[in-house]
Amino acid sequence: MEGLVIQYEEGDEESFAMSRFIAIGKVISEKSLNRNGVLKILRGIWPKEIAPCIREVGHNLYGVLFIPKDHVRRAIEKRPWSVMGCSLALQE
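Quick note: the numbering used here has the sequence shown finishing at residue 497, numbered continuously throughout.
Take a look at the structure:
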């Protein structure tokens, strides 16, 4: 995911603080995968109690908000992850 730049919009301090709990996941695939299918699989991996917000942020690119923060590190350490037969690379 080299060269990926995510620019945050201005917001309140709480939103900025929560952004530290976000992992970005890139589904490694040449083709576009079904967005709803990917979101459903990711929700199956991380329930709302652990990841209250999962959103598509680009082409085969997803943002996952983890609470509490230590779940970000666990998700990254427990790789490899797979979605629809494709690898999912996670990065803080």
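The beta-carbon is built from N, C-alpha and C at its ideal position, and this holds for glycine as well.
Source: prediction; values computed, not measured.
In terms of alpha-carbon separation, which member of the options lies closest to residue i?
i, options, result
"I455", "M489, L438 and V469", "V469"
"I363", "Q496, E497, M489 and L495", "Here the chain comprises residues numbered 406 to 497, so residue 363 is not present and cannot be evaluated."
"K453", "W486, H476 and I481", "H476"
Between which two residues does the alpha helix (DSSP H) harbouring residue i extend?
i, result
"A480", "D475 to E482"
According to DSSP, residue i sits in a beta bridge with which residue or residues?
i, result
"S487", "S492"
"V462", "Looking at the DSSP assignment, V462 forms no beta bridge with any residue, so it has no partner."
"A428", "V469"
In terms of residue numbering, what span does the beta strand (DSSP E) encompassing residue i cover?
i, result
"L447", "Taken as a continuous stretch (DSSP letters only), L447 belongs to no beta strand (DSSP E), being part of the alpha helix (DSSP H) at R440 to I450."
Assuming the contact rule is C-beta atoms closer than 8 angstroms, residue i and residue j should be a hit. Round their C-beta distance to whole Å, please.
i, j, result
"N465", "S492", "About 11 angstroms; that fails the 8 angstroms criterion."
Tell me whether residue i sits in a helix, a strand or coil according to DSSP, three-state version.
i, result
"E419", "The predicted position of E419 is uncertain, since its pLDDT is 48 and thus under 50; no value can be drawn from it."
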